[in-house]
Every structure is written in C-alpha cells, then in structure tokens.
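Position 167 (the sequence shown) corresponds to 308 in the working numbering; numbering is contiguous.
C-beta: ideal position from N, C-alpha, C; glycine also.
See structure below.
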Amino acid sequence: EQMSTDLLAFAADIAAGRIRIVDLTQTLRPSTPVIQLPPMFAPSNPFRIEEISRYDERGPGWYWNNISCGEHTGTHFDAPIHWVTGKDLKNATTDTVPVQRFIAAAVVIDCSAEAKDNPDFLLEPEHIHAFEAKHGRIQAGTWVLMRTDWSKRTDPVEFLNMKQDGSHVPGPSVAAVTFLAKERDVAGWGVEAVGTDAGQAFAFEPAFPAHAIMHGSNKFGLASLTNLDQLPPTGTVLVTAPLKIENGSGSPLRVLALVAA
Ligand SMILES: O=C(O)C(=O)c1ccccc1S
Ligand SMILES: [Mn+2]
Numbered sequence: 142e143q144m145s146t147d148l149l150a151f152a153a154d155i156a157a158g159r160i161r162i163v164d165l166t167q168t169l170r171p172s173t174p175v176i177q178l179p180p181m182f183a184p185s186n187p188f189r190i191e192e193i194s195r196y197d198e199r200g201p202g203w204y205w206n207n208i209s210c211g212e213h214t215g216t217h218f219d220a221p222i223h224w225v226t227g228k229d230l231k232n233a234t235t236d237t238v239p240v241q242r243f244i245a246a247a248v249v250i251d252c253s254a255e256a257k258d259n260p261d262f263l264l265e266p267e268h269i270h271a272f273e274a275k276h277g278r279i280q281a282g283t284w285v286l287m288r289t290d291w292s293k294r295t296d297p298v299e300f301l302n303m304k305q306d307g308s309h310v311p312g313p314s315v316a317a318v319t320f321l322a323k324e325r326d327v328a329g330w331g332v333e334a335v336g337t338d339a340g341q342a343f344a345f346e347p348a349f350p351a352h353a354i355m356h357g358s359n360k361f362g363l364a365s366l367t368n369l370d371q372l373p374p375t376g377t378v379l380v381t382a383p384l385k386i387e388n389g390s391g392s393p394l395r396v397l398a399l400v401a402a
C-alpha cells in the first residue's frame with residue numbers, strides 16, 4: 142500500500158494545532174501509588190528523587206537528580222515478558238519489542254458511569270459489542286483503553302481502594318480480555334487504575350487475565366493513564382515508547398495521544 146501521510150504536513154498540523162496532543166501521563170512523584178501485593182511477595186519500590194546539585198557547591202552550573210523506582214510505577218508500559226505466560230516470547234522485553242509497535246491507533250471504551258457506581262465494575266464482552274455497534278469494529282493492532290475516570294482519585298488511598306480482601310478497582314473480565322486478544326488481536330490493553338487488572342483479579346481464572354492473556358498473546362499493557370475523558374471513542378493515535386531497559390519487563394513512560402483537533 143502507498144504511504145498515505147505527508148510527514149512534513151503531519152508535523153505542520155501538529156505545530157498549527159490541527160492535531161491535538163493529549164498527555165495521558167500521571168506526574169511521577171514519591172507519592173505515586175504502586176501496586177499492592179500480598180506481603181509474601183516482593184514489593185515494587187516507590188519512586189524516589191534525590192537532588193545531586195542545584196547550581197551550588199555540589200555543581201555550580203547545573204541542577205540534576207538521582208531517580209529510582211520499580212519498572213511498574215505510575216503511568217507505565219507492561220511488556221509481554223512481564224508475565225509468566227510471555228516468558229518464552231521473542232522480542233518481548235522493553236529493549237527488544239520492535240519500535241514499530243510503539244505507535245498505534247487506540248479506541249476508548251467509556252465505563253466511567255459504571256465505575257462511579259461500582260469500584261469492582263468489570264468490562265464484559267457485552268460492553269465491547271455495544272461499543273462496536275456504535276463506533277464500528279475494533280481493528281487488529283489497535284489499543285483498547287478503558288475509561289473509568291479512576292485517575293481523578295488524586296488521593297493515593299482512594300486510588301488504590303484497598304479493603305480487607307484486597308484492592309477494589311475496575312478492570313476487564315476474563316471473557317473481555319480473551320475476546321480482545323483472540324477475536325480482535327488488539328495491540329494491548331490500557332487503564333487508569335494502578336494495574337491493568339481489576340483489583341479482585343487474583344481470584345479470577347486465570348488470575349490477572351489482563352496480564353496472563355494479553356502478555357501470553359504478545360500484547361502490551363498500559364497502567365495509570367489519565368485524561369482519557371479528553372479522547373474521542375475512536376480516531377486516536379497513541380505513542381507508547383518505554384525506556385529501552387535491557388531485559389526490562391516494563392517502564393514508566395510518557396503516553397501521548399494524537400487527536401484530530
Ligand atoms: O503490571 C503491574 O503493574 C501489575 O499490575 C502487577 C505487577 C506484579 C504482580 C501483579 C500485578 S497485578
Ligand atoms: Mn505493570
């Protein structure tokens with residue numbers, strides 16, 4: 142097929158605001174919530190930033206910091222190698238996934254009303270069918286983003302919503318993940334919550350289906366997204382390039398959405 146885009150005209154459209162860039166990234170700071178696992182499992186470290194110098198005796202002409210955090214912190218990318226189901230896949234780490242896969246179309250399924258009433262709301266195939274009836278079939282290689290407005294919960298306690306029996310945050314059912322991975326061959330699955338699976342997904346079969354099935358099918362995850370309410374249901378192009386960490390399972394990243402103005 143002939144290339145359909147004049148790249149310089151595309152750049153001019155961005156500069157002129159004819160293409161809007163929406164930042165889907167949460168600001169990364171020490172208070173950024175990280176996934177809460179049961180105490181028997183090793184935890185992910187929170188984000189840390191320590192000043193090296195700030196135009197002072199430690200470095201008169203410059204300001205810089207040391208930073209550290211788990212790969213799965215804040216708005217982050219899940220590579221297929223992250224889950225045991227993807228452990229034998231080729232080109233499945235952050236440094237080996239073909240970069241062609243880091244720019245792709247996206248659709249947004251709005252579940253904000255349902256999630257407002259029920260923190261344990263699960264996206265089911267019926268919701269996907271209703272979306273497609275209205276907006277057309279989800280094309281192969283497209284990201285599917287679940288809008289829940291969960292990122293509006295700026296208090297980390299509210300955002301994690303931990304109770305005695307674990308976290309209560311929305312996500313996809315096993316059937317929905319299976320449909321998206323197997324019947325629609327999507328690029329990956331993205332959410333606003335701290336992780337791509339629902340808070341109670343440890344009890345699903347298979348457990349953590351958005352990880353087990355998406356990564357086992359060589360697909361990606363995006364977690365802790367924000368501003369999905371600024372995107373149309375279809376027509377967005379996402380830029381999702383993680384840090385090129387050798388053998389990395391994921392990384393914090395800046396997720397940019399390109400939308401026709
Ligand atoms: O990938 C993640 O950030 C994530 O959600 C996760 C990470 C490790 C273990 C379980 C989960 S559920
Ligand atoms: Mn992750």
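Q) Using a threshold of 6 Å, is the CB atom of residue 213 nearer than that to any non-hydrogen atom of ligand 1? A) yes
Q. What are the partner residues of residue 393, as DSSP defines its beta bridges?
A. 217
Q) Which ranges does the alpha helix (DSSP H) cover as unbroken runs of at least 4 residues, wholly within the segment 293 to 344, from first to last along the chain? A) 297 to 301 and 315 to 319
Q.
Three or more C-beta pairs under 8 Å: does that hold for the segment 289 to 304 against the segment 334 to 346?
A. yes
(Q) Can you list, in chain order, the residues of its chain with a C-beta nearer than 8 Å to that of residue 385? Leave out the 5 residues immediately preceding and following it. (A) 235 and 236
**Q.** Option in 399, 253 and 392 with minimal Cα separation from residue 186
**A.** 392
Q. If you check the beta carbons only, do residue 248 and residue 279 fall under 7 Å apart?
A. yes
Q: Check whether the Cβ of residue 376 lies closer than 6 Å to any heavy atom of ligand 1, and answer yes or no.
A: no
Q. Quick one, which of 164, 319 and 232 has its alpha-carbon nearest residue 388's?
A. 232
Q. Is residue 215 near residue 173, with beta carbons less than 7 Å apart?
A. yes
Q) Leaving out the 5 sequence neighbours to the left and right, which residues in its chain are closer than 6 Å to residue 222 when beta-carbon positions are compared? A) 233, 234 and 390
Q. Alpha carbon to alpha carbon, what distance is there between residue 250 and residue 269?
A. 8 Å
Q: With DSSP as the reference, please indicate the residues paired to residue 286 in a beta bridge.
A: 249 and 331
Q) Say the cut is 6 Å; is the CB of residue 364 nearer than that to a heavy atom of ligand 2? A) yes
Q) Is the segment 238 to 246 touching the segment 363 to 373, taking contact as three or more C-beta pairs under 8 Å? A) no
Q. Counting Cβ pairs closer than 8 Å, one from the segment 187 to 200 and one from the segment 348 to 361, do we hit at least three?
A. no
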